[in-house]
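Throughout, this note's numbering is defined as the position within the sequence shown, counted from one, plus 78. Ideal Cβ placement from N, Cα and C applies to all residues, glycine included. Following: one structure in structure tokens, then a few remarks.
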Amino acid sequence: MDMILLLTVLIVIFAVVFDFINGFHDTANSIATAVSTKALTPRRAILLAAVMNFVGAMAFTGVAKTITKDIVDPFALDNGSVVILAALLAAITWNLLTWYYGIPSSSSHALIGSIAGAAIAGAGFAALNYSGFLAILQALIFSPILALVVGYLMYSIFKVVFKNHNLTKTNRNFRLIQIATAALQSFSHGTNDAQKAMGIITMALIVNNYQTSDDVQLWVQATCALAMALGTSIGGWRIIKTVGGKIMKIRPVNGVAADLTGAAVIFGATLIHLPVSTTHVISSSIMGVGAAHRVKGVQWGTAKTMLITWLITMPISALLAAMFYLLLNLVM
């Protein structure tokens, strides 16, 4: 097996591993509120999330194309295979560390930071596609802010509309509605998150001259969708505890408002082909809903810890990727 083919195979394997880890790392995003309110048992919630993640991943490819060409230009990337492999190793390492400690960090931040860090280590800052990279950064920064605001407004509307309804009956009805909103949020998660690994594999196929366009091949899409679904089926119990219970005490009506907010923001980003952090968006949705319900009811200490993790993920991932790039160059 020649070196180019070997590197391509390794990249595909590690991209699938990243997608699988992303699945169990981010399972909590789409089902934590439904589990917390007992709208679904954990087993049923994870099965629902796995199926809907797969369906969502098979529905779109726009975000994958953004990952392929908007951070760096794969058609002009020197030593591209090593750059991509180093980025994957760094993103996987960070995801596993944060999963182990139950910290809901962003797989998107980790991957995008890793690609940038490895590319800079390989070809300097000129390797970055600054217009595309800045557009992605803006989406990553503003999407959780938007989710916070929309979550606040969404629950404020709910409070007005349902202020005269019996609380017990309302909670029972919203618990049923939450099954549908959890499915919707899982679908939106698949439309955005699973596409990142698709973009990485497509980038590898381009840099190694196996294809000449940024189109995502069907086998790439199906493989990544399946890896995400299988990872989701395992479940990220450590992170579910943080997202579902340590931000605020969630009732069914809160969960529905947060789910609708998260799904709307994520799916909106998918439609304009921009990757966002589902972790950031959904956690911010819950915070926005919690602030509208009762500001003091939000565990802002947990929110602060999550924010710090969000801020450090991209630079740490970039440094890890640069280190992996240098190490790979020494052994190859």
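- Message: Within 10 Å of its beta-carbon, does V87 have 16 or more other beta-carbons around it, so buried, or fewer, so exposed?
- Response: Taking the sequence shown and counting its residues from 1, one reaches residue 87 at position 9. V87 comes out exposed.
- Task: Indicate the three-state DSSP secondary structure (helix, strand or coil) for V150 in the structure shown.
- Result: Looking up residue 150 in the sequence shown gives position 72. Strand.
- Item | CA-to-CA distance, D80 to P222, given in whole angstroms | For this step, residue 222 is matched to residue 144 along the sequence shown. For this step, residue 80 is matched to residue 2 along the sequence shown. Straight-line Cα distance between these residues: approximately 44 angstroms.
- Task: Give the straight-line distance between the Cα atoms of L189 and V367, rounded to the nearest whole angstrom.
- Result: Position 111 of the sequence shown holds residue 189. Position 289 of the sequence shown holds residue 367. Cα to Cα, the separation comes out at about 29 angstroms.
- Look at the alpha carbon of M136 and the alpha carbon of N249, and state the distance between them as a whole number of angstroms. Here residue 136 refers to the residue found at position 58 when the sequence shown is read from its first residue. Here residue 249 refers to the residue found at position 171 when the sequence shown is read from its first residue. Their Cα atoms are separated by approximately 34 angstroms.
- Item | Distance, F252 Cα to H243 Cα | Reading the sequence shown from its first residue, position 165 is the one you call residue 243. Reading the sequence shown from its first residue, position 174 is the one you call residue 252. For H243 and F252, the distance between alpha carbons rounds to 12 angstroms.
- Query: If we call anything under 8 angstroms between Cβ atoms a contact, is A369 one with G195?
  - Reply: Numbered from its first residue, the sequence shown carries residue 369 at position 291. Numbered from its first residue, the sequence shown carries residue 195 at position 117. At least 8 angstroms separates the beta-carbon of A369 from that of G195.
- Query: Name the DSSP bridge partner or partners of L206?
  - Reply: In the sequence shown, counting from the first residue as 1, residue 206 sits at position 128. Beta-bridge pairing links L206 to V150.
- Determine the direct distance from the alpha carbon of I149 to that of F203, and round the result to whole angstroms. Stepping through the sequence shown from its first residue, residue 203 is reached at position 125. Stepping through the sequence shown from its first residue, residue 149 is reached at position 71. Looking at the two C-alpha atoms, the distance is approximately 11 angstroms.
- Item | Cutoff 7 angstroms; reference T412; Cβ partners in own chain excluding five residues on either side | This structure gives no information on residue 412, because the portion of the chain shown stretches from 79 to 410.
- Query: Would you say the stretch 261-271 touches the stretch 286-294, given that touching needs at least three Cβ pairs under 8 angstroms?
  - Reply: no
- Please look up how many angstroms separate the CB atoms of S363 and G200, rounded, as I've assumed it's under 8 angstroms. For the purposes of this step, residue 363 is taken as residue 285 along the sequence shown, with counting starting at 1. For the purposes of this step, residue 200 is taken as residue 122 along the sequence shown, with counting starting at 1. Wrong, their Cβ atoms sit about 37 angstroms apart, outside the cutoff.
- Query: Among Q299, M365, R329 and A335, which has the Cα closest to the Cα of N131?
  - Reply: Indexing the sequence shown from 1 puts residue 131 at position 53. Closest option to N131, Cα to Cα, is Q299.
- Query: Residue range of the alpha helix (DSSP H) that A168 falls in?
  - Reply: Taking the first residue of the sequence shown as 1, we reach residue 168 at position 90. First-last of the alpha helix (DSSP H) with A168: G158 to Y178.
- CB S114 to CB I328, shorter than 8 angstroms? Position 36 of the sequence shown holds residue 114. Position 250 of the sequence shown holds residue 328. For S114 and I328, yes; Cβs fall inside 8 angstroms.
- Leaving out five residues before and five after L206 in sequence, what residues of the same chain have Cβ atoms less than 8 angstroms from its Cβ? For this step, residue 206 is matched to residue 128 along the sequence shown. These residues qualify, in order along the chain: I149, V150, A194, A197 and I198.
- If you drop the 5 nearest sequence neighbours on each side, which residues of the same chain put their C-beta closer than 8 angstroms to that of P393? Start at 1 with the first residue of the sequence shown, and residue 393 comes out as number 315. Excluding the 5 residues flanking it on each side, P393 has same chain C-beta neighbours closer than 8 angstroms at G191, in chain order.
- Message: Going by C-alpha to C-alpha distance, which of I145, F92, I99 and F220 sits closest to D293?
- Response: Walking along the sequence shown from the start, residue 293 turns up at place 215. Comparing Cα-Cα distances from D293 to each of I145, F92, I99 and F220, the minimum goes to I145.
- Message: With distance defined between alpha-carbon atoms, name the residue in L405, T356, G134 and P152 nearest to W388.
- Response: In the sequence shown, the residue the question calls residue 388 occupies position 310. Proximity to W388 across L405, T356, G134 and P152 peaks at T356, based on C-alpha coordinates.
- Query: By DSSP, does I99 sit in helix, in strand, or in coil?
  - Reply: Locating residue 99 in the sequence shown gives position 21, counting from the first residue. Correct three-state label for I99: helix.
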